[in-house]
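Protein chains: 2
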Amino acid sequence: MIYEKMSQATKTMKSSMIRELVASTKNIEGLISFAGGFPSPKTFPREILSKLYHDVVLNEGETILQYGGSQGDSLLATELLKWEGYDDLSTDQILITAGATNAIFYMCAALLEPGDVILCEAPSFLGSLVGFEAMGAELHAIPLDQEGLDMDALGTKVEKLKKAGKRIKFIYTIPDFHNPTGVTMSLQRRKKLIEFALAMEIPILEDNPYAQLRYSGESLPSLFRVAHDEYSNTEIVTEVVTFSKILGPGMRLGYVKGSKVLIERMCSWQQKVNIAPDNVSQRVAARFLIEGHMQPHLESIRSFYQPYLEKMLKCMADYLPSYIQYSKPEGGIFTWLWLPEDMSADLLFEQAKAHKVTFIPGSKFYPVGQEKFNCLRLNFSYSSLEQIDQGMQSLGKLMEDFYT
Amino acid sequence: MIYEKMSQATKTMKSSMIRELVASTKNIEGLISFAGGFPSPKTFPREILSKLYHDVVLNEGETILQYGGSQGDSLLATELLKWEGYDDLSTDQILITAGATNAIFYMCAALLEPGDVILCEAPSFLGSLVGFEAMGAELHAIPLDQEGLDMDALGTKVEKLKKAGKRIKFIYTIPDFHNPTGVTMSLQRRKKLIEFALAMEIPILEDNPYAQLRYSGESLPSLFRVAHDEYSNTEIVTEVVTFSKILGPGMRLGYVKGSKVLIERMCSWQQKVNIAPDNVSQRVAARFLIEGHMQPHLESIRSFYQPYLEKMLKCMADYLPSYIQYSKPEGGIFTWLWLPEDMSADLLFEQAKAHKVTFIPGSKFYPVGQEKFNCLRLNFSYSSLEQIDQGMQSLGKLMEDFYT
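Chains as they are written, first to last, in our numbering: chain F, 4 to 407; chain B, 4 to 407.
Listed below in structure tokens is the structure:
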């Protein structure tokens with residue numbers, strides 16, 4: 004009986020197909036996995052966190068175990084603005100949320116009517132795409148090049164959609180160590196994108212989980228930072244940051260910065276959806292910042308991941324056939340392979356599974372009906388250095404054998 | 004610019020007016036407050052929790068700080084079913100959520116299309132009402148009597164709505180120590196309600212935050228329990244329980260039991276909204292149960308609150324004019340006053356504020372346009388015994404003076 008009562012959106016809602024793919028390889032003994040997107044549990048600062056959790060609950064429990072404000076812990080908000088170096092922003096331009104996905108959900112809840120358009124990168128983070136679709140958005144994918152969003156394609160698409168009378172609600176982008184491709188948007192491109200967005204009055208949703216995970220090269224300012232510093236604008240970009248790749252995703256902690264009016268409405272949704280984020284993990288994160296653990300911890304994470312990225316880059320150079328192209332990121336946790344037009348990564352996935360190697364076929368990262376099949380994502384933060392070597396050797400061999 | 008992009012629901016969304024009311028009394032020195040709905044921070048088991056947080060993060064951090072499943076911690080789910088004594092339910096009939104409000108939100112997300120009807124008690128919990136309205140539901144209020152929902156009024160209303168071609172999605176009820184009235188639904192009424200719901204095929208959403216807070220008298224089975232035990236049905240009632248009044252609302256932890264198909268779809272929404280509840284607080288709660296802390300802790304909470312309820316009952320009997328009627332709960336944290344028809348609690352609120360006493364006028368607990376003004380809610384879990392005496396004395400005096 005209850006199924007018949009469900010809303011149409013709920014009846015047709017999709018789950019992340021990646022989950023099912025990963026589940027299909029779960030019981031393979033000795034599997035080498037490049038599939039996941041999880042941070043390494045070895046990077047979680049368990050000892051510091053366990054002490055902070057203890058002290059916060061024991062000493063501040065009377066207030067911290069109580070209901071907290073929907074806008075989040077004001078101590079944490081203040082510390083975050085300080086840490087990021089925004090002296091001129093007030094805490095009503097930041098909202099603490101139960102992770103980045105939660106912040107993205109509130110952005111959608113605040114803006115979307117069914118049929119509204121979201122422009123996203125192609126490929127993009129599947130978790131966001133299925134969320135957008137569940138909220139009734141129409142997704143239009145804009146191709147990426149080595150510098151990020153293809154601005155010509157974006158311009159053409161926007162013109163077409165406007166002519167068709169569509170309401171474009173925002174552009175969704177992951178400018179740093181993009182998931183799934185590993186590509187980082189160039190500074191030049193960031194400026195162009197902001198100028199375009201300002202001219203067209205299309206907000207940008209910047210998803211920024213990986214910027215802190217840079218192992219070489221020079222950091223680039225976030226889109227929010229560029230808009231703030233160079234265009235004196237804190238409305239055109241809404242930036243979402245998560246602690247999931249820094250402290251641990253199990254804490255469900257993220258935050259979002261944007262215009263006051265938007266943050267206030269997102270907060271109003273938070274009141275109805277979660278009342279407030281977890282107070283305990285919020286205060287633990289605040290103490291982590293106040294006690295000065297963040298900088299040394301970030302340095303230790305970077306040193307931890309760097310050899311894995313280097314190993315992956317070397318293995319791609321050594322083992323992949325010369326006609327395979329790939330991204331060469333300086334951080335994050337993913338690389339991306341472009342295969343020849345006629346090589347299906349979905350087919351390759353099945354062959355690799357039989358050889359105890361797994362990855363995510365690129366087609367999973369596109370909106371339905373806009374898929375490309377000759378591409379795949381490799382994660383390098385989960386397997387050991389030896390496994391990366393062995394797995395990439397197998398994968399290179401499988402690709403060489405693909406045409407025979 | 005961003006405001007113009009917002010969805011209609013977001014533009015017109017209301018916040019809880021109680022928040023603003025409480026804020027309006029924030030700076031009154033020496034204020035005696037019967038307004039809040041917060042548990043006493045003295046009931047939070049800080050010492051046990053601080054130790055559990057420490058141990059969970061230190062010893063289980065590699066898995067607990069990692070991403071967890073959207074259905075929640077299976078260890079906690081298993082322990083909860085064991086604790087509640089449901090041997091025959093499987094963990095796919097329970098979903099852990101970020102508090103009760105979060106579970107109620109997923110229920111709405113799973114079922115509601117704009118314009119669908121929710122039947123609620125009048126009065127009812129404002130937090131849920133504003134959530135229902137934000138999700139586009141049309142609220143219809145059913146009066147309460149001393150045994151709970153008025154079944155005749157419910158029958159008439161359902162008939163009328165069905166004739167008008169309305170889709171009724173569920174009945175929202177708080178059967179134990181109801182917020183705001185403190186009324187507990189009788190066993191007889193529980194059975195009648197379930198039989199009615201089964202006959203009419205209208206699901207029941209049972210919000211059950213207070214059942215464990217019984218200080219005298221005999222416990223009644225939840226609606227879910229009655230449907231399970233006496234009608235062999237686990238679909239007609241969806242029961243939401245929270246840890247907020249037991250361990251501490253800052254942990255944001257609740258759970259919901261219901262039919263597999265509904266729980267599965269609510270889980271799918273959880274994946275899109277929060278990915279998963281906080282893993283750390285989930286595992287801490289699981290350890291709290293496993294180590295046997297729950298039973299003694301509940302007993303200590305009950306002994307803690309009992310004198311406050313007794314004091315409030317005595318003060319109402321001693322100080323209120325004889326023409327004021329009130330509920331006489333055996334638990335929970337609220338009592339409710341029915342005033343003479345021509346006595347406005349909103350007016351009384353302003354007078355009481357001037358005399359440094361505060362409460363919530365009853366009108367705030369009704370859907371917009373269906374308000375009653377001659378009623379008010381008193382909380383007895385926040386003020387000291389002396390404050391209860393003093394505040395109730397002032398309130399009684401104000402009521403006596405109301406007509407002079």
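Beta carbons are placed, not taken as given, at the ideal position from N, Cα and C, and that holds for glycine.
For residue i, does the three-state DSSP call read helix, strand or coil?
{"i": "R170 of chain F", "result": "coil"}
{"i": "D1 of chain F", "result": "This structure cannot settle anything about residue 1 of chain F, because the visible part of chain F is limited to 4 through 407."}
{"i": "G394 of chain F", "result": "helix"}
{"i": "L401 of chain B", "result": "helix"}
{"i": "Y6 of chain B", "result": "helix"}
{"i": "Y234 of chain B", "result": "helix"}
{"i": "L201 of chain B", "result": "helix"}
{"i": "T187 of chain B", "result": "coil"}
{"i": "V410 of chain F", "result": "With chain F running from 4 to 407 in the structure shown, residue 410 of chain F is simply not present."}
{"i": "F412 of chain F", "result": "No statement about residue 412 of chain F is possible, as the shown extent of chain F runs from 4 to 407 and does not include it."}
{"i": "D349 of chain F", "result": "helix"}
{"i": "P44 of chain B", "result": "helix"}
{"i": "K29 of chain F", "result": "coil"}
{"i": "K17 of chain F", "result": "coil"}
Using DSSP bridges, identify the partner residues of residue i.
{"i": "V379 of chain B", "result": "Checking the displayed sequence, the identity of residue 379 of chain B turns out to be Leu instead of Val. According to DSSP, L379 of chain B bridges with B:L340 and B:P364."}
{"i": "D210 of chain F", "result": "F:V243"}
{"i": "G334 of chain F", "result": "F:R217"}
{"i": "I35 of chain B", "result": "B:V360"}
{"i": "Y329 of chain B", "result": "B:L340"}
Report the residue from the options whose alpha carbon sits nearest the alpha carbon of residue i.
{"i": "G130 of chain F", "options": "F:D155, F:I31 and F:M16", "result": "F:M16"}
{"i": "E353 of chain B", "options": "B:L379, B:Y369 and B:P370", "result": "B:L379"}
{"i": "P252 of chain B", "options": "F:G168, F:A202 and F:E65", "result": "F:E65"}
{"i": "D153 of chain B", "options": "B:Q191, B:Y234 and B:L292", "result": "B:Q191"}
{"i": "K356 of chain B", "options": "B:E7, B:Y6, B:T13 and B:S36", "result": "B:S36"}
{"i": "L147 of chain B", "options": "B:A125, B:G168 and B:D345", "result": "B:A125"}
{"i": "K248 of chain B", "options": "B:S127, B:S43 and B:E162", "result": "B:S43"}
{"i": "Y329 of chain B", "options": "B:V264, B:S271 and B:G399", "result": "B:G399"}
{"i": "W341 of chain F", "options": "F:Q393, F:T100, F:L381 and F:G335", "result": "F:L381"}
{"i": "A26 of chain B", "options": "B:F362, B:M203 and B:S77", "result": "B:F362"}
{"i": "K275 of chain B", "options": "F:I5, F:L84, F:S18 and F:M4", "result": "F:S18"}
{"i": "K169 of chain B", "options": "B:V120, B:D155 and B:H181", "result": "B:V120"}
{"i": "S219 of chain B", "options": "B:S262, B:S325, B:A113 and B:L316", "result": "B:L316"}
{"i": "A167 of chain F", "options": "F:H181, F:K359 and F:T159", "result": "F:T159"}
{"i": "C270 of chain B", "options": "B:G40, B:I5, B:L34 and B:S73", "result": "B:S73"}
{"i": "G257 of chain F", "options": "F:E242, F:L265, F:R268 and F:V264", "result": "F:E242"}
{"i": "Y6 of chain B", "options": "F:L122, F:R217, F:E162 and F:P206", "result": "F:P206"}
{"i": "Y3 of chain F", "options": "F:L351, F:G394 and F:D345", "result": "Since the displayed chain F opens at 4 and closes at 407, residue 3 of chain F lies outside it and no answer follows."}
{"i": "T407 of chain F", "options": "F:I21, F:M346 and F:F383", "result": "F:M346"}
{"i": "L408 of chain F", "options": "F:E403, F:F405, F:P364 and F:Q396", "result": "Outside the shown range of chain F (4 to 407) lies residue 408 of chain F, about which nothing can therefore be said."}
{"i": "P183 of chain F", "options": "F:N30, F:D404 and F:G334", "result": "F:G334"}
{"i": "F41 of chain F", "options": "F:S397, F:L68, F:L401 and F:F383", "result": "F:F383"}
{"i": "D91 of chain B", "options": "B:I197, B:K260 and B:I174", "result": "B:K260"}
Would a check of beta-carbon distances place residue i closer than 9 Å to chain D?
{"i": "I67 of chain B", "result": "The question asks about chain D, but that chain is absent: this structure's protein chains are F and B."}
Original post:
Which full runs of the beta strand (DSSP E) of 3+ residues lie inside the segment 51-121 of chain F, going along the chain?
Top reply: 97-100
Subject >> Within the segment 246-327 of chain B, ranges of the beta strand (DSSP E) (whole runs, at least 3 residues) >> reply: 257-260
**OP:** Ignoring anything shorter than 3 residues or poking outside the segment 123-184 of chain B, list the beta strand (DSSP E) runs there in chain order.
**Re:** 141-148 and 171-176
**OP:** Answer yes if the segment 202-211 of chain F comes into contact with the segment 103-110 of chain F, meaning at least three C-beta pairs across the two stretches below 8 Å, and no otherwise.
**Re:** yes
Subject >> Given 8 Å, three or more beta-carbon pairs between the segment 378-398 of chain B and the segment 302-312 of chain B >> reply: yes
**OP:** Taking 8 Å as the threshold, find out whether the segment 42-57 of chain F comes into contact with the segment 268-282 of chain F through three or more Cβ pairs.
**Re:** no
Original post:
Do the segment 359-378 of chain F and the segment 215-234 of chain F make contact, defined as three or more Cβ pairs closer than 8 Å?
Top reply: no
Subject >> Touching by the beta-carbon criterion (3+ pairs, under 8 Å), the segment 286-303 of chain F and the segment 133-143 of chain F >> reply: no
**OP:** May I ask you to verify whether the segment 110-119 of chain F touches the segment 82-102 of chain F, counting CB pairs closer than 8 Å and requiring at least 3?
**Re:** no
Subject >> At least 3 beta-carbon pairs within less than 8 Å: the segment 329-338 of chain B vs the segment 69-88 of chain B >> reply: no
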